[in-house]
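Q:
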Amino acid sequence: MPVDVTEATFQSEVVERSRELPVVVDFWADWCGPCKALSPALEKAEAARAGKVLLAKVDVDSNQNLGAQFQVQGIPAVKAFRDGAVVDEFVGALPPTRVEAFFDGLVPSRADELLTAGDELSLREAAEAEPGRADIAVALAKARLERGAEDEALEAVENHETDFAAAGIAARVRLVQAGIGTDAFAILDRGEREEALDQLIEALNGVEDDRRDDLRRAIVGILSDFDPADPAARTYRRKLSTALG
216 MPVDVTEATF QSEVVERSRE LPVVVDFWAD WCGPCKALSP ALEKAEAARA
266 GKVLLAKVDV DSNQNLGAQF QVQGIPAVKA FRDGAVVDEF VGALPPTRVE
316 AFFDGLVPSR ADELLTAGDE LSLREAAEAE PGRADIAVAL AKARLERGAE
366 DEALEAVENH ETDFAAAGIA ARVRLVQAGI GTDAFAILDR GEREEALDQL
416 IEALNGVEDD RRDDLRRAIV GILSDFDPAD PAARTYRRKL STALG
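Residue numbers (the working numbering): 216 to 460.
(1) Helix, strand or coil, according to DSSP, for Glu222 in the structure here?
(2) Starting from Lys294, follow the beta strand (DSSP E) in both directions and report where the run begins and ends.
(3) Can you name the start and end residues of the alpha helix (DSSP H) that Glu340 belongs to?
(4) Would you mind working out which of Ile416, Cys247, Asp378 and Gly460 sits nearest Ile395, comparing C-alpha positions?
(5) Do Val422 and Ala381 come within 8 Å of each other at the CB atom, strictly closer than that value?
(6) Taking only the alpha-carbon atoms, compute the straight-line gap between Ile434 and Glu409 and give it to the nearest angstrom.
(7) Using only the alpha-carbon positions, how far apart do Ala411 and Ala401 sit?
(8) Under the rule that 16 or more other beta-carbon atoms within 10 Å means buried, what is Pro291, buried or exposed?
(9) Can you round the beta-carbon distance between Leu257 and Val239 to whole angstroms, since I take them to be within the 8 Å contact cut?
(10) Would you kindly check if the distance between the Cβ of Leu338 and the Cβ of Leu330 is under 8 Å?
(11) Quick one: using the 10 Å Cβ neighbour count with 16 as the cut-off for buried, is Asn420 buried or exposed?
(12) Since Leu459 sits in a beta bridge, which residues does DSSP pair it with?
(13) So what does DSSP say about Leu270, is it helix, strand or coil?
(14) Skipping 5 residues on each side, what residues in its chain have a beta carbon closer than 8 Å to that of Val218?
(15) Among Asp404, Arg389 and Val322, which residue has its Cα nearest to the Cα of Arg362?
(16) Can you give me the Cβ contacts of Arg325 inside the same chain, cut-off strictly under 7 Å, excluding the 5 residues immediately before and after it?
(17) To the nearest angstrom, report how far apart Val523 and Ala295 are at their CA atoms.
(18) Go ahead and label Ser233 buried or exposed: buried means 16 or more other beta carbons lie within 10 angstroms of its beta carbon, across all protein chains shown.
(19) To test your reading of the DSSP string, which unbroken beta strand (DSSP E) runs of 3 or more residues are found completely within the stretch 421-450?
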């Protein structure tokens, strides 16, 4: 249920509460027809998320200072708070589908929660729920590689080869099945990324063109896991470029 918020309670009910969960604030007035049209969609979206987001309502006529503070120039004005600050907003009576999308952007989806769980069963369910997400496919493929299920790992990423990490895993499976880079990937799995990259870059010499391309894809996939600011990532990109000529 929505919470009525005033100037006296805004700090505690919205700003501080938003450090625990997202708070959506509906700036409205009793005379505003569009506000009344929007209200049911906001309340339905809050109820559907079962305590994962809070809906607060501010009557701008009774709380004019809040309206001025947050530059409310037209109503309904809806502002989402997270960690004490506005992170998203819209003005006007949006249709219910757009309201749902607005709330979806504030709370983790079921697939996001399953991805966070990280076990293979959860990841498989997440991939079934959102098959278009490469990040889920990559996580599932990595979980399958951990138990040596290479064909299943390849299946997980086969529809995501425009994603660097997914393409890298698919290339890795093809290389290992061809007997190329096996030791390097074992080193990678031990967490020694730079040594693995050195071996894979060295292996670029003397392989056929299709395997050379798979090696490149595998290396790029590994590099996609690096922090972009990590100097090692820049170093190995240069090494790869040099090796490819």
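For each residue, glycine too, the CB sits at the ideal point set by N, CA and C.
A: Straight from the coordinates:
(1) Counting from 1 along the sequence shown, the entry for residue 222 is found at position 7. Note: Glu222 maps to coil in three-state DSSP.
(2) On the sequence shown, residue 294 is found 79 positions in, with the first residue counted as 1. From DSSP, the beta strand (DSSP E) with Lys294 extends over Ala292 to Arg297.
(3) By 1-based counting over the sequence shown, the position of residue 340 is 125. Unbroken alpha helix (DSSP H) run through Glu340: Glu335 to Ala344.
(4) The residue labelled residue 395 in the question sits at position 180 within the sequence shown. Cα-wise, what sits closest to Ile395 is Ile416.
(5) Residue mapping note: residue 381 aligns to position 166 of the sequence shown, counting from 1. Residue mapping note: residue 422 aligns to position 207 of the sequence shown, counting from 1. No; because the gap between Cβ atoms is not below 8 Å, this pair is not in contact.
(6) Along the sequence shown, read from residue 1 onward, the residue named residue 434 stands at position 219. Along the sequence shown, read from residue 1 onward, the residue named residue 409 stands at position 194. If you take the alpha carbons of Ile434 and Glu409, they lie about 11 Å apart.
(7) Taking the sequence shown and counting its residues from 1, one reaches residue 411 at position 196. Taking the sequence shown and counting its residues from 1, one reaches residue 401 at position 186. The straight-line gap from Cα to Cα measures roughly 8 Å.
(8) Here the question's residue 291 lines up with position 76 in the sequence shown. Buried is the call here.
(9) Translated into the one-based positions of the sequence shown, residue 257 becomes position 42. Translated into the one-based positions of the sequence shown, residue 239 becomes position 24. With a Cβ gap of about 7 Å, Leu257 and Val239 count as contacting.
(10) By one-based count along the sequence shown, residue 330 stands at place 115. By one-based count along the sequence shown, residue 338 stands at place 123. Going by C-beta atoms, Leu330 is nearer than 8 Å to Leu338.
(11) Sequence index remark: in the sequence shown, residue 420 carries index 205 (1-based). By the 10 Å Cβ count, Asn420 comes out exposed.
(12) The residue labelled residue 459 in the question sits at position 244 within the sequence shown. Here Leu459 is not bridged, per DSSP, to any residue.
(13) Translated into positions along the sequence shown, residue 270 becomes position 55. Correct three-state label for Leu270: strand.
(14) On the sequence shown, residue 218 is found 3 positions in, with the first residue counted as 1. Apart from the 5 residues on each side of it in sequence, Val218 sits with its Cβ closer than 8 Å to the Cβ of Glu228, Leu269, Leu270, Ala271 and Lys272 in its chain, given in chain order.
(15) Your numbering for residue 362 matches position 147 in the sequence shown. With distances taken between Cα atoms, Arg362 lies closest to Asp404.
(16) Locating residue 325 in the sequence shown gives position 110, counting from the first residue. Only Ala344 meet the Cβ criterion.
(17) In this structure the chain extends from 216 to 460, so residue 523 is not present and cannot be described.
(18) Translated into the one-based positions of the sequence shown, residue 233 becomes position 18. Ser233 counts as buried, since at least 16 other C-beta atoms from the protein chains shown sit within 10 angstroms of its C-beta.
(19) none
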